[in-house]
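Participant: Each protein sequence line maps, in turn, to chains F and S. First residue of the first sequence: 3, per my numbering; consecutive thereafter. First residue of the second sequence: 3, per my numbering; consecutive thereafter. Quick reminder that beta carbons are idealized off the backbone N, C-alpha and C, glycines included. These numbers were taken from a predicted model, which means no experiment stands behind them. I'd like to ask some things about the structure below.
Protein chains: 2
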Amino acid sequence: MDARVDAVFGALADPSRLYLVERLAVLGTATPTELAGELPITRQAVTKHLATLEQAGLVSGTREGRNTVYRPDPRPLREAARWLEVVGAQWDARLAALAQHVERRRA
Amino acid sequence: MDARVDAVFGALADPSRLYLVERLAVLGTATPTELAGELPITRQAVTKHLATLEQAGLVSGTREGRNTVYRPDPRPLREAARWLEVVGAQWDARLAALAQHVERRRA
DNA sequence: CTATCGTGCAACCGTCAGGTTGCCCATCGT
DNA sequence: ACGATGGGCAACCTGACGGTTGCACGATAG
């Protein structure tokens, strides 16, 4: 699987970042100062979080005039979701196999 | 959304833990020392990681004789996957709406 | 032109998480 | 009964992370 997956999970591990992600899902587009206004933290902190999200490929920021506009990229999210599905399926299968094994030993 | 979702992401944020998760998908069941043998870290470190995973509900350990056997629980994984799908869909929709908006302004 | 607003950058601080070592307890094989 | 093996617990170290403050810079409004 892609090495980026754990980066995505890491990016999503922080509640502030999780909020930014959900907020961008609603706004579609936002600037650091905008987002900072909705959080109990500094604009700089928000900027750092956005940088982290950008490094994970979840978001991309472009300078427009004197603002920096951030917009989301859903693709890494999908990748991570698929990873989760795959591992979850493996777990299910493995547990089923174990149960059957126990059954066989009981017979 | 469940408050546990970010706990799951947090648990999955570490590469060692990610390895443990993938490994449990294959083995179905394992003990700390077994797993520690496959990683460049101490058994204690593995134990800590397993505790973290257990607290996130991803894994459950039970003492059997002098071993502690850990087995996976796929349910929180599924929850997290669903969260990702939902947010991803929101992002898609929002981006589409923005594109349409730009189109409308161009007309 | 100047004041202001939105950013970026760098230094700094406190805390927590990953990891180690050392010790002690319980269990199993012999 | 006894030694080896698997685990838990606690203390400790270190680095990274979330957050802040201060400053400097480009773009914009008046």
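1. Would you say F/P34 faces chain S, with C-beta separation under 9 Å as the test?
2. Going along chain S in order, which residues have a C-beta closer than 8 Å to the C-beta of F/A47?
3. Is it buried or exposed, S/A95, if we count other Cβ atoms within 10 angstroms and call 16 or more buried?
4. Pull up the distance between the alpha-carbon of F/T49 and that of S/V48, whole angstroms please.
5. Give me the Cα-Cα distance between F/A91 and S/T54, rounded to the nearest whole angstrom.
6. Return the first residue and the last residue of the alpha helix (DSSP H) that F/T70 is part of.
7. Strictly below 9 Å CB to CB, what residues from chain S border F/L79?
8. Return the CA-CA distance between S/L60 and F/A32, expressed in angstroms with no decimal places.
9. In whole angstroms, what is the alpha-carbon distance linking S/D8 and S/Y72?
10. Can you list, in chain order, the residues of its chain with a C-beta nearer than 6 Å to that of F/M3? Leave out the 5 residues immediately preceding and following it.
11. Whose Cβ in chain S lies nearer than 8 Å to the Cβ of F/L37?
12. Check the Cβ of F/T31 against every Cβ in chain S and list those closer than 7 Å, keeping chain order.
13. Which residues of chain F have a Cβ atom closer than 7 Å to the Cβ of S/P76, listed in chain order?
14. Would F/A53 count as contacting chain S if we go by Cβ distances under 9 Å?
15. What does S/P17 reach in chain F if we use C-beta pairs closer than 8 Å?
16. S/V10 to F/F11, Cα distance in whole Å?
Facilitator: Let me spell this out:
1. no
2. Correct list: empty, because the minimum Cβ distance to chain S is about 17 Å.
3. exposed
4. 34 Å
5. 22 Å
6. No alpha helix (DSSP H) holds F/T70; the beta strand (DSSP E) holding it covers 69 to 74.
7. L86, E87, V89, G90, W93
8. 34 Å
9. 22 Å
10. At F/M3, the pLDDT of 48 sits below 50, so the modelled position is not reliable and the matter cannot be decided from this model.
11. Correct list: empty, because the minimum Cβ distance to chain S is about 15 Å.
12. L100
13. G90, W93, D94
14. no
15. D8
16. 9 Å
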